[in-house]
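Protein chains in written order, with my numbering: chain W, 1 to 158; chain C, 1001 to 1526.
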């Protein structure tokens, strides 16, 4: 699995300039930066603020409001495990427990390694849960062993 | 001379992909090539029978024959059994249209989902697509609005506000710029109708939004989609580009004087953005903090301009209404709930999926007849209707009809039509705690009852679960629920007490149990 390139202020500036014509461009810019680098470096804040004639506080406020945006480099692989009601009804909390007990993977814990499991609320796969989203691929009927394997290696459908 | 290729349908819907549809499609292509069989593999949407996914269909002279659930390893044996001509096989289900699940439905919004190639404009048109928009262009704005009013269509996002009245307000407003915004932040657990519609028939919502734009005189539109739906995002982006290239939207809507520029915008993992004013703030690039109403978004919406904000399923109902007439739509349904409702059945259920029916079917028919009871085979204990802010009902209450008023009369709500089934292993005190925990995590923070109340609610539930002064803490819980219901600014804080109070009132025994080791571990971990 490929990691993200290191933060590059010039590339960031180019990405931001390419989207500045949009109405309400803040979120599209943040998404584009995160797609490119895996996170939004705090150095992007003044760039976005200047491009959109906003205060730095407004840009920081947007970044900090939304669960999606990260402000530090991320593991190469993030497994998003659904823990909303429909997946609760199918035992997602047991998956969380098993991950911790049998595989030493603590959901939502800050991890230095190259994989992490994070909570998400609803992936729209409520009839085939428990569900997870990995590298843009949706997985149904997952268990702890499968999540742990995804954290170790391999592709989503290996 | 070879015959025309045989059409094989393998869904590209994310739910089907989640259980291996991609591998099945590849195996079908591989096997066909190895046998020299001429096939055309169409990647369709899902028929909504999600327990049968991946559901593979073959087009035969007798109609489309369904096989499912097909695993990659089943594919060689399907070819051996002659499935290209509908041959017998253990996985053969029969003609798709004749399957009980399909026959019982009244599909208006979902009539094309699973049937056509989602991105083919030609197939969309061949199945009645763009007839509604064509008709709308021939009418004036006021006449379109009147047709929507007469159809009885109510907002499918949950509040059930009459769509025609909203459109009339925007139509009558004077402004240099108006907007049409589609709320596709389908965040409720147990709902996936929007996702399936985008992945299976993306042009329908685009057409509905274009009709709204023509009706109210808007030239720009945004479709705000949650970021948890990457497949739907890709399909929508491609569909919009194709619709623009075909001259259906863009500088001119189907050759008319109306312009309509449409963009998809991704949310960023905030449940509150399903609330319309919060969604507008997010589109403007801000923190998605809920606005006080008035002013209504219809008058001062996106960037302060008059804005139609509707749910996906509301826009998606519009083309049918224009094409077939308001009365034809109003003929479906009961009481003040007219038309059809796409119900989403999920959680611990044997046969889960998408069911579109006229309002008025009972929950029991859906869960027991169509759903076949729980997946685990254990008794049904609780059913949550309407997402994380909806009430938990007991197995005895399932005879209620799916209708806005019928559910409201029992302190429940229909919401976006999601039904989540739980078996008898569910702990309703934990579910009540989760409702507060979710609210605490997702509250926008603008109003105090929601921001503080949710956290206090988690704490009170922890004390109740731990067995600390239960009668006193239950009194505090009821008081807190009343305060949040009465004093919160929007539905997030205002409805969080609904699942909590329904759990407490319908399942009081769960609030009076000895603390279990499982609960102590969970509490210690947090």
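Every residue gets a Cβ at the ideal spot worked out from N, C-alpha and C, and that includes glycine.
- Per DSSP, the unbroken beta strand (DSSP E) holding residue 1060 of chain C starts and ends at 1056 to 1060.
- Contact between residue 1480 of chain C and residue 1458 of chain C is ruled out by a C-beta separation of about 11 Å, above the 8 Å threshold.
- The segment 1256 to 1308 of chain C contains, as complete alpha helix (DSSP H) runs of 4+ residues, the segments 1276 to 1283 (chain order).
- Apart from the 5 residues on each side of it in sequence, residue 1158 of chain C sits with its Cβ closer than 6 Å to the Cβ of 1415, 1416 in its chain, given in chain order.
- DSSP links residue 1222 of chain C through a beta bridge to C:1181, C:1263.
- The segment 1428 to 1466 of chain C is shown to contain whole alpha helix (DSSP H) runs of 4 or more residues at 1428 to 1442, 1448 to 1466, in chain order.
- Against chain W, the CB of residue 1395 of chain C has no partner CB under 9 Å away; the residue lies outside that interface.
- Across the structure, residue 1299 of chain C and residue 1408 of chain C are spaced so that their CA atoms are roughly 29 Å apart.
- Between residue 1164 of chain C and residue 1148 of chain C, the C-beta spacing is below 9 Å.
- Counting C-beta pairs with one atom in each stretch, the segment 1433 to 1441 of chain C and the segment 1281 to 1299 of chain C have fewer than three that are closer than 8 Å, which means they do not touch.
- Closest in alpha carbon position to residue 1226 of chain C, among C:1185, C:1454, C:1118, C:1027, is C:1185.
- Membership of residue 1394 of chain C in the beta strand (DSSP E) is indicated by the continuous run 1392 to 1394.
- The DSSP-derived three-state label of residue 1423 of chain C is strand.
- For residue 26 of chain W, at least one C-beta of chain C is nearer than 9 Å to its own C-beta.
- Assignment of beta strand (DSSP E) within the segment 1148 to 1198 of chain C, counting only whole runs of 3 or more residues, yields 1179 to 1184 in chain order.
- Taking each of C:1376, C:1431, C:1320, C:1492 in turn and checking the Cα distance to residue 1389 of chain C, the smallest one comes out for C:1492.
- Contact check for residue 1213 of chain C against residue 1264 of chain C fails: the beta carbons are separated by 9 Å or more.
- In the DSSP assignment, residue 1229 of chain C falls outside any alpha helix (DSSP H), carrying neither H nor E.
- At a Cβ-Cβ threshold of 9 Å, residue 122 of chain W and residue 1190 of chain C count as neighbours.
- Restricting attention to W:33, W:91, W:21, the CA atom closest to the CA of residue 70 of chain W is found in W:33.
- The alpha carbon of residue 1392 of chain C has as its nearest neighbour, out of C:1307, C:1381, C:1345, the alpha carbon of C:1381.
- For residue 1067 of chain C, the enclosing beta strand (DSSP E) covers residues 1063 to 1067.
- Within the same chain, Cβ atoms closer than 7 Å to the Cβ of residue 1041 of chain C are found at 1008, 1010, 1025, 1028, 1029, the five residues on either side in sequence being excluded.
- The beta carbon of residue 1502 of chain C does not come within 9 Å of any beta carbon belonging to chain W, so the residue lies off that interface.
- Residues of the segment 1285 to 1297 of chain C that bring their beta carbon within less than 9 Å of a beta carbon in chain W comprise 1285, 1286, 1287, 1288, 1289, in sequence order.
- Interface annotation, residue 53 of chain W: not in contact with chain C, CB-CB separation never under 9 Å.
- Contact annotation, residue 1489 of chain C with residue 1210 of chain C: C-beta distance approximately 33 Å; criterion of less than 8 Å not satisfied.
- A distance below 8 Å between beta-carbons, with the five flanking residues on each side excluded, links residue 1280 of chain C to the following residues of its chain, in chain order: 1181, 1291, 1297, 1301, 1302, 1307, 1309.
- Along the segment 1343 to 1358 of chain C, going in chain order, the ones with a CB nearer than 8 Å to a CB of chain W are 1344, 1345, 1346, 1347, 1348, 1349, 1352, 1353.
- If you draw a straight line from the Cα of residue 1038 of chain C to the Cα of residue 1032 of chain C, it comes to about 7 Å.
- Selection C:1361, C:1167, C:1304 evaluated against residue 1106 of chain C yields C:1361 as nearest (Cα-Cα).
- Chain order gives the chain C residues near residue 68 of chain W as 1227, 1268, 1269, where near means a beta carbon separation below 7 Å.
- Residues of chain W whose Cβ lies closer than 8 Å to the Cβ of residue 1421 of chain C are, in chain order, 89.
- In this structure, residue 1195 of chain C places its C-beta atom within 9 Å of the C-beta atom of residue 1014 of chain C.
- Residue 1512 of chain C has a beta carbon lying at 9 Å or more from every beta carbon in chain W.
- Residue 1018 of chain C belongs to the set of residues whose beta carbon lies under 9 Å from a beta carbon in chain W.
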